[in-house]
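Notes to accompany the following structure.
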Amino acid sequence: MISHRPKLLPTLSRRGLLIGLAALPVSLPVLAAEAELLTFDGLYKSFGVLGFQFSDRATSLRGKPVRMVGYMAPPLKPESHFFVLTREPLAICPFCQSDADWPVDIVVVFMRAATPMVSAGQKVAVSGRLEIGSSTDAETGFVSQIRLVDAGFHSV
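Numbering (this note's numbering), first residue to last: 22 to 177.
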């Protein structure tokens, strides 16, 4: 006797499995819910004539996954592997200076792969691994104090 009951679960084909696995890197920002939220106000402890000190919270999160929300600064090109996250929307490139002139309310974001950028002024949520301390990018020569690496973002 042949049963004509409807299937309750779809059959997973090899193609469906491969498509699902291919979509995994895109879905990783969703998995970043376990990352700690870090705000621009939580980056530094103090500022003075001798420079600045990173906050205890930022220091404790060094090397760990974090989430930040801000604005994508105007990119140098429409597709890139990095951008600058700012507290407020900016109209100019904020990181084309030495670290002595480093604005305290920006974070450089290095993504896993080259990605199309969003419009300047667009609010984004970023997830990545936190790095702190002065660093010069070998490829671009840009200097940063705080970076998110292996990052991804989405518009908010």
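The C-beta atom is built at its ideal place from N, Cα and C for all residues, glycine as well.
Just so we're clear, the structure is a prediction, and the values are computed from it rather than from any experiment.
By alpha-carbon positions, which one of the options ends up nearest to residue i?
| i | options | result |
| --- | --- | --- |
| Val90 | Thr161, Phe73, Asp62 | Asp62 |
| Gly142 | Phe163, Ser148, Val177 | Val177 |
| Thr107 | Ser156, Ser155, Asp77, Ala146 | Ala146 |
| Thr161 | Ser101, Ser67, Thr80, Gln74 | Ser101 |
| Pro137 | Phe75, Phe68, His175 | His175 |
Check the C-beta distance from residue i over to residue j and give it rounded, since I have them as a contact under 8 Å.
| i | j | result |
| --- | --- | --- |
| Val170 | Glu152 | 6 Å |
For residue i, I'd like the list of residues in its chain whose CB is within less than 8 Å of its CB, leaving aside the five on either flank, ordered along the chain.
| i | result |
| --- | --- |
| Glu57 | Leu82, Lys85, Pro86, Val87, Arg88 |
| Arg150 | Gly84, Lys85, Pro86, Val87, Leu169, Val170, Asp171, Ala172 |
| Asp120 | Residue confidence for Asp120 is low, a pLDDT of 49 falling below 50, so the modelled location carries little weight; the figure read from the coordinates is stated next. Cβ within range, chain order: Ser155, Val164, Ser165, Gln166. |
| Arg78 | Leu59, Gly63 |
| Asp92 | Reading off the sequence, residue 92 comes out as Tyr, not Asp. Leu106, Thr107, Arg108, Glu109, Pro110, Leu111, Ala141, Gly142, Gln143, Lys144, Val145. |
| Pro96 | Phe104, Met138, Ala141 |
Going by beta carbon distance, what residues of the same chain come within less than 6 Å of residue i, once the five residues before and after it are set aside?
| i | result |
| --- | --- |
| Leu111 | Ala94 |
| Asp126 | Phe61, Arg108 |
| Arg157 | Contrary to the premise, residue 157 reads as Thr rather than Arg in this sequence. Contacts found: Val164. |
Could you pull out every residue in the same chain whose Cβ sits closer than 7 Å to the Cβ of residue i, ignoring the five residues on either side in sequence?
| i | result |
| --- | --- |
| Phe103 | Val129, Val130, Phe131, Met132 |
| Ser67 | Phe73, Gln74 |
| Tyr65 | Phe73, Gln74, Phe75, Ser76, Val125 |
In angstroms, rounded to a whole number, what distance separates the CA positions of residue i and residue j?
| i | j | result |
| --- | --- | --- |
| Ala134 | Ser148 | 14 Å |
| Gly72 | Thr80 | 16 Å |
| Ser76 | Gly69 | 14 Å |
| Glu55 | Ala159 | 31 Å |
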